[in-house]
Amino acid sequence: MCSAEHTKDKECHCFHCHLPIKDPVLFHATIEDVEQPMCCPGCQAVATAIVNGGLDSYYKYRTEPAQQADGNEVLKAEYALYDREDVQQSFTHTLSSGIKETRLLIEGITCSACIWLLEHHLGQLPGVENVTVNLSQHTATITLDTEQTKISELMMAVLSIGYRAYPWRQEQQEALLEKENRQFIRRLAVAGIGTMQVMMYAIALYAGADKEFRELLRWVSALLATPVVFYSAGPFFTAAWRDLRNRRPGMDVPVSLAIGGAYVASLWGTFHGTGEVYFDSVSMFTFFLLSGRYLEMRARHKTSQTARSLHNLLPESCVRITANGETETVTPSDLQVGDTIRILPGESLPADGTILSGQSSVNESALTGEHLPVSKQVGDAVTAGTLNTENAVDVQVTDVGQNTRLSAIARLLEQAQGDKPAIARLADRIGGYFVYVILIVASVVYYYWFQHKPDDAFWIVLSVLVATCPCALSLATPTALTAVTGFMQSRGFLVSRSHVLEGLPQVTHVIFDKTGTLTKGELSLRDTVLLCKEYDQATLTHIAAALEAHSEHPIAEAFKTFNTRFIAKEISNITAQGIAGTVDNKLWRIGKPSFASQQNESLTPPDHNHSWLLLSCNDKPMAWFGLDDTLRPEAATIIKDLQTRGLAIELLSGDTQGVVDRVANKLGIIQRTAQASPDDKFAHVRALQKKGARVMMVGDGINDIPVLAAADLSVAMNTASDLARTHADALLLSGDLQQLTESLDKATDTRRIIRQNMGWSLAYNLSVLPLAATGWLAPWMAAIGMSASSLIVVCNALRLSHHTSDKAKSEHSANGEQLLTEGV
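Mapping to numbering that gives the first Met the number 0: the sequence shown position 809 is 808, numbers consecutive.
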């Protein structure tokens, strides 16, 4: 429970970070002899370390209205605690290359200019390899070498340019977004009430009130407009000052100039009793601008809900089985690799793991988009966030926290939503230049009207600044990308690179791997042909299984059903060739004939109906193993659909010619290449690209990594190896190839809507500028038009959250045929 000091409030708050906490409170820290509530182990660790370091006064300082002179030094001490490995576990994970990827919450982000500033400022720090800031999520994902730049230094760098960074936590992100929503509503309420009251007095002034009342009405209007300007419009001034200080003027600069200039001019007129006052225009403009931004913010929160909802799939608690067989209730953050947990029917899994006992069905729809439960038994892998639907099972934890597949999917989704394609970067550049143009044009307009009609000069310039604010332009691309990536993820197609959506409509060639891609990748041993009587069939099969136990290739799955009694040592795994190892002090090889028995190159497989592996002992051929696979049920349909769209389809496989021909003939694929090594696949794609082809590669194995990296677009299957997923531009989480056609259509829709948004934004600004500059547009009209323009862009982008239109299908078909004709 919360301390007595906190129970006075309606809801309990963390003493360290002030986030709301749901009862019961699980974490506490003793500060100044009082047990204070903490929202998580991270806050508990930081608070305890601050107290142990003699920095108790930090909490006394932070309650003051203004930050103390040495506040940054205290903040440095707090940030330094986030350099500890145990504190970093909840928001930082180590990549395969050894560098770290950390996720921070950024408070104070208002527009695309903030994103540009953060990405460029943090990107200049030593050791920082990549920075991606997500406007919708208010998060920054940074890849860095902590030996060169520590996490604490990163957070101080964020603070130095006017923002505040926090370690990412799901509950903290939700609280930050909720806080943003509450603040917006309060500011909007103040602006709305103030506007209504000021308008009442403005009507009296416009109607020609008596002279003795005119001055009183002006002073009352000034009094009512003041909280609107200083409270409701406060974020505009803060952001504008930050942009100017960092020499990156954004859309808040002209907005602040319009509001601040009109307010100051009105105060001047009120004090001196001369000229016009614009308190009604100031209040109305602030109200309309806040209304538009609030609706846009709600739309952003809605479209980014998909990524946030992934983290909500984890349960609040779970049951862990102790070493002595007893059970205890713990939180998912308490789990460690190797723990055993019990998952009852109806419960979701808190971590990745392997089933130790029991059999059940697991609903993986939240991750893969496939709504039918998947049967799981002992030895099968299960994923955090999936739902156990039938029977209780005991699971051994293999990955927790940031290392789970759920966290990896969420990171990739947020990366895709925050990453910017070329058209988004172009919009940012245009928006930046547009602000400079607006300021120059406003100066010229003011000079002209001041020379010809001084009384009208100010309100005309005010209209120019308001009407031409490039809010809609800055929203044109990020809103569309956030909407479409969230929708595609819910359908089982996870975009992890920004160029996918703009590159898909340009694809001319789609190249498929065979095993695990067009086929299910569930190979089984169908035939064995002995070549030597020294060993019996069972012995040779167990030796082969001992070798294949060290491989992640789908071929190894065919031998996992054999409980081998042999142990293979000194393993050497040669990509696309085979595996070598010692068993009973003899060198065994299994794989392609040229690899397994290098002195017997003339050996040929028994037939062409299977994929044949040769097993050899000390280079002597011992046995052939015939493997077979089954086609995916949707493979023939997807191939026909892609061909109908005018795309060239190829089968590029490392399997034998006979097996490749058999699969290609069943699917109607004319172009096929067999026995292709990784280098052959790479060279083949490069050759097509030199002819002008735009290649999309679909694969799943380690041997596909070079060609996945070489292709213009790469898609990895849900069963792909970890390395293949890392190098792919998109992941087919559902394993359903039909999602490829929907993604092609959705990408075409996205490109069209982004162009519509940018076209509308530029057309609106260019058309409204002469109207405002010539005095045909009053400030309140300009405010309504600017807000309406932003809402049109947002609503148009939200259409991407629905199913693909037939128009996109026909457009993609025509585009594919045109590119194929022109490029190849």
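We put the CB at the ideal spot given by N, CA and C, even for glycine.
Residue i: first and last residue of the uninterrupted beta strand (DSSP E) it sits in
i    : result
W775 : Looking at the DSSP string, W775 is not in any beta strand (DSSP E), and its letter there is neither H nor E.
Q35  : 33 to 37
K585 : 585 to 590
V399 : From DSSP, V399 is part of no beta strand (DSSP E); its letter is neither H nor E.
P166 : 163 to 166
F26  : 26 to 30
H92  : 91 to 93
V361 : 359 to 362
V227 : Element bounds for V227: n/a, residue is neither H nor E.
I570 : 568 to 573
Residue i - partner residues in DSSP beta bridges
i    : result
S713 : M696
K745 : Bridge partners of K745: none, in fact.
D526 : G625
P19  : H12
C317 : V329
A824 : There is no way to answer for residue 824, as the model of the chain reaches only from 0 to 823.
T518 : L630
A787 : A787 is not bridged to any residue.
L730 : L493, A715
K680 : Note: K680 sits in no beta bridge, so no partner.
Continuous alpha helix (DSSP H) stretch holding residue i: start and end
i    : result
N664 : 656 to 666
M154 : 150 to 159
R241 : 233 to 244
T353 : T353 -> not in any alpha helix (DSSP H); beta strand (DSSP E) instead, spanning 351 to 356.
S462 : 453 to 466
Euclidean distance between Cα positions of residue i and residue j
i    : j    : result
T62  : L124 : Reliability of the predicted coordinates at T62 is poor, the pLDDT of 42 falling under 50, and the value obtained from them is presented with this limitation in mind. Those two C-alpha atoms are separated by around 32 Å.
G352 : E346 : 15 Å
W267 : R163 : 36 Å
D618 : E100 : 46 Å
A261 : I114 : 29 Å
R213 : G191 : 23 Å
V793 : A479 : 8 Å
G259 : V460 : 13 Å
C11  : E315 : 18 Å
V483 : T385 : 23 Å
L687 : K513 : 19 Å
F14  : C38  : 8 Å
W587 : N387 : 42 Å
W218 : T269 : 7 Å
A257 : D279 : 13 Å
E77  : L732 : 40 Å
T339 : L25  : 22 Å
G233 : V440 : 25 Å
A139 : H119 : 12 Å
Helix, strand or coil at residue i according to DSSP, with G and I counted as helix
i    : result
Y60  : Low confidence applies here, because Y60 scores a pLDDT of 49, under 50, leaving its location unreliable; read the following figure in that light. Here Y60 sits in helix by DSSP.
V132 : strand
S332 : helix
G70  : For G70, the pLDDT reaches just 42, beneath the cut-off of 50, and the residue's location in the model is therefore unreliable, leaving the point undetermined.
I669 : coil
G580 : strand
G645 : coil
D393 : strand
N180 : helix
H607 : coil
F594 : helix
I554 : helix
G436 : Here the sequence assigns Val to residue 436, which means Gly is not the residue at that position. Helix.
H508 : strand
S652 : coil
L539 : helix
S561 : Checking the sequence shown, residue 561 turns out to be Phe, not Ser. In the structure shown, F561 sits in coil (DSSP, three-state: anything other than H, G, I, E or B).
C616 : strand
T285 : helix
E84  : helix
E77  : helix
CB contact check: residue i to chain B, cutoff 9 Å
i    : result
H508 : Among the protein chains of the structure shown there is no chain B, as only one such chain exists.
### Query
Is there contact between the stretch 573 to 591 and the stretch 545 to 553, where contact requires at least three CB pairs shorter than 8 Å?
Yes, the stretch 573 to 591 is in contact with the stretch 545 to 553.
### Query
Are the stretch 769 to 779 and the stretch 653 to 672 touching, with three or more C-beta to C-beta distances below 8 Å?
Contact between the stretch 769 to 779 and the stretch 653 to 672 is absent, because fewer than three Cβ pairs lie under 8 Å.
### Query
With contact counted as at least three CB pairs below 8 Å, one residue from each stretch, are the stretch 144 to 157 and the stretch 248 to 263 in contact?
Counting C-beta pairs closer than 8 Å gives fewer than three between the stretch 144 to 157 and the stretch 248 to 263, which falls short of the contact rule.
### Message
Across the stretch 534 to 543 and the stretch 642 to 660, are there enough close Cβ pairs to call them in contact, namely three or more that are closer than 8 Å?
### Response
By the Cβ test, the stretch 534 to 543 is not in contact with the stretch 642 to 660, since fewer than three Cβ pairs between them sit closer than 8 Å.
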